[in-house]
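S.K.: Order-wise, the sequence lines are chains H and B. As numbered in our numbering, residues 1 to 213 make up the first sequence, in order. As numbered in our numbering, residues 1 to 535 make up the second sequence, in order. The structure is given below, and queries will be raised subsequently.
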Amino acid sequence: MAMRPATSLTALLILAVGLLGSLEAAADDTSRATVQPRFAEKEGRIAAHATFVTLFRDDFYRTVGYGADVSFFLSENLGVELRGHNFHSWLSPTAEGIRDETSLIPDLRAPDALFTGGVRWSWGYGKVLTLDRFVVHFDPQVSFHGGITLAERRVIPTVTPGIAFLTHWRHGIQIKLDLQWTAQLERRQRGWTPSFGFAPLIGVGWSPERRLR
Amino acid sequence: MGGPHTSLLPVALGLSVFLTSCSFVEFERSPYAPRGFDVVYSDQEDLTFLVWRIQDDARLRRVHFELFIDGEFQPLDLADTAFPHEPFDCDRIYTCVQFQIPGRWEPPESGPALRAVDRRHGIFNATEPRLHEAPVTFAIDPIAIDNNRSVRPYLFDFFADEDIPLRRSFQWGMADVPVHHGCGAEGVTIPNVDFSSLHDPVPLPQGWSEDTPCMVVRPHRSDRDGDQVSAHLQPGPMLYGERIDEDVPVINHPTMIAFIADLQVVNESRCERIISEITSTIADALSQRPAPHHVLGTFRPLDQEGQQENGCSQNPHSTLPIQQIQAAIDQRAEIWDQDTTVVLVYLNNVELAPPNNHLQDLGNLAFYVEDRPDTELFTWLIASNTIRALYIGDEGVPWAPLEDDNFLPALESVVHFHFPLRTTDGEGMMPLTIPPPNAAPDPEYVRFCSHSPTIEAMVGPGYFQFFYRETWAWRRDIGITATIPRQDFVSFTTYRRESVLYVYEVCDAYCEAPFIAANGERYESWLDAERCQWR
């Protein structure tokens, strides 16, 4: 049935240009550039977020989910993270039409849950003045997670590389936007078959100011 | 921070979503969609059986089923039916679901007859039903087995025969009802039967065969008592398996041995030493063997005056002491009074042919021993290569000096290899009695299930019949004779040990009744079957 080839190279190039534009071009000297003073530090701190996520796989399902993650930063740059999502999926109108006529459904199963663990690399720190009034402090980040997706009775190996924007607010409150790509390998009736998708996530959480170490 | 490039970010992300999503989707039949929908109407039970399959990776708690009844789809309560059963694994990759409707159910003329409603994915229609009609869906044809201690009901199950997975249990009971009172009649309900779960086989109560037993079976329904079927239960044959497993007896013959020294050794004391070492080595080896032996002596040639020489001079005019050896053989044979091996050991170390008169003497001696009815000749040459090439004995060992470390051990090996010579006991026919099994008080027939070697005849007091069939009427003190391949005076190590193995079974009652043979097949009469219940 329907199938669309994955061509991500162009999009990734565009994305890279956008991200690089956010770098300060004047950092010619060899000393580390800093933003003084930092509004929020992450090293030695734990953070937890409630998350809302969607999953786009071009799979004839509509999928949204919610969950939570917990992270701990070993340094100002590097953190480890555990994450869990519960999904709600339903057939797309197109698939419903096919189901009604033929009792056929997509051969990949609708996802029920995703559990991953991984690392998060905070490669910068910045602040931006918005509306001439609000200063938003943020970390641009990259992340890489691995884990499993549960889809009915199938257990599907899953990896989710991504980029993220973590913003810091008063009282340790954090809001982040994670843009994750998903790669899965599912054992369908015809055998092991990959699927690729995109899972943007919004998280709202809190990181206590006291350090754990 | 900031700059013109940052405005590209949302665009890039949107493109990423669009371009990186791909799941290589193919459409397949939903695991929740019912398929393999069998509909069986049973005349016998006036019930419509419905069985359908869904894929075994479907989550059953997410789904319920609806059947087209009276013009509309009605949800099914799978527990509220005649034979409720949890959905069960079937046909390798499916889960089977069953439901029954009283009376005859007809599917709609068009459109789906059954559908699954999945809470997540919605409604899935079943495939077209496969309609069956069965006058009889269960029956029994019981047979008593295991010497009437249990019964195999031989339950006919339409669904099993047609490979339609249906899970239901049956109950059974016994009633003292003769055939002319309805046992076995179609549609007759036998009253006052105490039912219990039916297994295969079911143990029977003791003494049942003296009554007029009627076996009654019914399916175990949840809503009411199931319809009955019944059949007269006939006692089966009382069979007792036995086996005869015996070694064929063997005779180890006594050995008498005579040494004839015909050597050429200049040194007289060395000559004596050589003869002594050889004879004592062989005698010692014989003493370790499992049969009596006797050394007749060491015999040396006689000169022209009849005087015994030293055995090491190779006098061409001497003769061998044949008469002395014959006398010694006669004497020992009289004492033993049984078949005996006479071993003549000829010692000659000269690489020349012996004198003609010696050869003639040896030949006469050999004829003498072979002519005796109770002796078997065994000639053993311990001699030079020339002698052993000229004259063939039963055994030959090349001559070697005593200093050769292998010479005397070679003589010992010959003794251990050959002696005592062995013979199969009996004249090729082995009589065997057939003991009746202890549990069979009054045997009627005996049947041979396997026999090795072939049975020659059935024998008994005043009775002889060549064996030509497997089953024989039982007689008191009946026995068999078996043909045993005979081995006569064979070397100890080459003798092939023989054994007999006979498996038989004795029938002492109901011998013409049906039974199940060891191959698992049912036969309507043990007497006619030519098969055994025991292996």
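Don't be surprised by glycine CBs; every beta carbon is placed ideally from N, CA and C. It should be emphasised that the depicted structure is a prediction, and the values quoted were computed from it without experimental measurement.
Going by the beta-carbon positions, is the gap between GLU81 of chain H and GLY118 of chain H smaller than 8 angstroms?
M.R.: Contact flag set, yes.
S.K.: Does any heavy atom of the ligand SAM sit closer than 7 angstroms to the C-beta of MET256 of chain B?
M.R.: Only the bare structure without any ligand can be found here, which leaves the ligand SAM out of the picture.
S.K.: Along chain B, which residues have their Cβ under 8 angstroms away from the Cβ of PHE196 of chain H?
M.R.: Those are THR20, SER21, CYS22 and SER23, listed as they occur along chain B.
S.K.: Work out the CA separation of THR116 of chain H and LEU47 of chain B for me, nearest whole Å.
M.R.: Their Cα atoms are separated by approximately 53 angstroms.
S.K.: Is the stretch 36 to 50 of chain B in contact with the stretch 129 to 139 of chain B, if contact means three or more CB pairs nearer than 8 angstroms?
M.R.: Enough Cβ pairs lie closer than 8 angstroms, so yes.
S.K.: Rounded to the nearest angstrom, what separates ARG62 of chain H and ARG167 of chain B at their Cα positions?
M.R.: Those two C-alpha atoms are separated by around 39 angstroms.
S.K.: Could you spell out where the alpha helix (DSSP H) holding CYS271 of chain B opens and where it closes?
M.R.: Taken as a continuous stretch (DSSP letters only), the alpha helix (DSSP H) holding CYS271 of chain B covers 268 to 287.
S.K.: PHE159 of chain B: buried (16+ other C-beta within 10 angstroms of its C-beta) or exposed?
M.R.: So PHE159 of chain B counts as buried.
S.K.: Using 8 angstroms as the threshold, is the C-beta distance between ILE538 of chain B and GLY311 of chain B below it?
M.R.: The requested residue 538 of chain B does not occur in the structure, where chain B is confined to residues 1 to 535.
S.K.: Look at TRP534 of chain B and VAL503 of chain B and say whether their C-beta atoms are less than 8 angstroms apart.
M.R.: Taking 8 angstroms as the Cβ cut-off, TRP534 of chain B and VAL503 of chain B qualify as a contacting pair.
S.K.: Check the Cβ-Cβ distances between HIS121 of chain B and every residue of chain A, and say whether any is below 8 angstroms.
M.R.: Included in the structure are the protein chains H and B, with no chain A among them.
S.K.: For chain B, find out if any of its Cβ atoms is closer than 8 angstroms to the Cβ of THR193 of chain H; answer yes or no.
M.R.: Yes, THR193 of chain H lies at the interface with chain B (some Cβ there is under 8 angstroms from its Cβ).
S.K.: Taking the alpha-carbon positions, what's the SER22 of chain H to TYR32 of chain B distance?
M.R.: With a pLDDT of only 40 at SER22 of chain H, under the threshold of 50, the placement of this residue in the model should not be trusted; the figure read from the coordinates follows. Straight-line Cα distance between these residues: approximately 51 angstroms.
S.K.: In angstroms with no decimal places, state the Cα-to-Cα distance between PHE83 of chain B and VAL40 of chain B.
M.R.: Straight-line Cα distance between these residues: approximately 14 angstroms.
S.K.: Taking SER143 of chain H as the reference, give the member of H:LEU177, H:TRP169 and H:THR130 with the closest Cα.
M.R.: Among H:LEU177, H:TRP169 and H:THR130, the Cα nearest to that of SER143 of chain H is on H:LEU177.
S.K.: Determine the direct distance from the alpha carbon of GLY97 of chain H to that of ALA27 of chain H, and round the result to whole angstroms.
M.R.: Note that ALA27 of chain H scores a pLDDT of 42, beneath 50, so its modelled location is shaky; the value from the coordinates is reported in the next line. Taking the straight line joining both Cα atoms gives about 57 angstroms.
S.K.: Taking all protein chains shown into account, decide if PRO129 of chain B is buried (16 or more other Cβ within 10 angstroms of its Cβ) or exposed.
M.R.: With 16 or more Cβ atoms within 10 Å of its Cβ, PRO129 of chain B is classed as buried.
S.K.: Take VAL63 of chain B as the anchor and find which of H:ARG133, H:GLU152, H:ALA199 and H:TYR66 has the nearest alpha-carbon.
M.R.: That would be H:GLU152, whose Cα lies nearest to the Cα of VAL63 of chain B.
S.K.: Using a Cβ-Cβ distance cut-off of 8 angstroms, determine whether ASP161 of chain B contacts chain H.
M.R.: Cβ-Cβ to chain H under 8 angstroms: no for ASP161 of chain B.
S.K.: Mind checking whether SER195 of chain H and ILE46 of chain H have CB atoms under 8 angstroms apart?
M.R.: In this structure, ILE46 of chain H does not lie closer than 8 angstroms to SER195 of chain H by Cβ.
S.K.: How many angstroms separate the CA atom of CYS214 of chain B from the CA atom of GLU512 of chain B?
M.R.: The straight-line gap from Cα to Cα measures roughly 20 angstroms.
S.K.: Run through the stretch 146 to 214 of chain B for me and flag every whole alpha helix (DSSP H) of 4 or more residues, listed as ranges in chain order.
M.R.: Runs of the alpha helix (DSSP H) inside the stretch 146 to 214 of chain B: 158 to 161.
S.K.: Assign GLN616 of chain B to one of two classes, buried (16 or more other C-beta atoms within 10 Å of its C-beta) or exposed (fewer than that).
M.R.: Past the boundaries of the shown model lies residue 616 of chain B; chain B is included only from 1 to 535, so the question cannot be answered.
S.K.: Comparing C-alpha positions only, which one of B:TYR510, B:TYR154 and B:GLN308 sits nearest to ILE260 of chain B?
M.R.: For the residues B:TYR510, B:TYR154 and B:GLN308, the minimum Cα distance to ILE260 of chain B belongs to B:GLN308.
S.K.: Whole angstroms are fine: how far does the CA of PHE170 of chain B sit from the CA of MET1 of chain H?
M.R.: Confidence at MET1 of chain H is low in this model, with a pLDDT of 36, below 50, so its placement is unreliable and the value that follows should be read with caution. Roughly 48 angstroms separates the two Cα atoms.
S.K.: Alpha carbons only, please: which of B:HIS293, B:THR127 and B:VAL506 is nearest the one belonging to PRO443 of chain B?
M.R.: Considering only alpha carbons, the answer is B:VAL506.
S.K.: Which whole-angstrom value describes the C-beta separation of GLY197 of chain H and ASP69 of chain H, a residue pair presumed to lie in contact below a C-beta threshold of 8 angstroms?
M.R.: Their Cβ separation, rounded to whole angstroms, is 19 angstroms, which puts GLY197 of chain H and ASP69 of chain H out of contact at 8 angstroms.
S.K.: Would you mind working out which of H:LEU74, H:ARG38, H:LEU104 and H:PHE60 sits nearest SER89 of chain H, comparing C-alpha positions?
M.R.: Of H:LEU74, H:ARG38, H:LEU104 and H:PHE60, the residue nearest in Cα terms is H:PHE60.
S.K.: For LEU286 of chain B, count the other beta carbons within 10 Å of its own beta carbon; 16 or more makes it buried, fewer makes it exposed. Which is it?
M.R.: With 16 or more other Cβ atoms within 10 Å, it is buried.
S.K.: What first and last residue would you give for the alpha helix (DSSP H) that runs through GLY205 of chain H?
M.R.: First-last for GLY205 of chain H: 191 to 206, but that is the beta strand (DSSP E), not the alpha helix (DSSP H).
S.K.: Name, please, each residue of chain H whose Cβ falls closer than 7 angstroms to the Cβ of ASN125 of chain B.
M.R.: Ordered by position in chain H, the residues that pass the 7 angstroms Cβ test against ASN125 of chain B are SER103.
S.K.: Counting only C-beta atoms, is PRO106 of chain H closer than 8 angstroms to chain B at any point?
M.R.: Output row for PRO106 of chain H: interface = yes.
S.K.: Who are ASN125 of chain B's beta bridge partners in DSSP?
M.R.: Its beta-bridge partners are B:ARG115.
S.K.: Residues of chain B with a CB under 8 angstroms from the CB of TRP90 of chain H: which are they?
M.R.: ARG120 and HIS121, listed in chain order.
S.K.: Nearest-angstrom Cα distance between TYR179 of chain B and ILE140 of chain B?
M.R.: It is worth fixing the name first, because residue 179 of chain B is Val in this sequence and not Tyr. In a straight line, the C-alpha of VAL179 of chain B is about 15 angstroms away from that of ILE140 of chain B.
S.K.: Whose C-beta lies closer than 8 angstroms to the C-beta of ALA126 of chain B among residues of the same chain, with five residues either side of it excluded?
M.R.: Answer for ALA126 of chain B: ALA33, PRO34, ARG35, PHE37, TRP52, PRO112, ALA113, LEU114, ARG115 and ALA116, listed in chain order.
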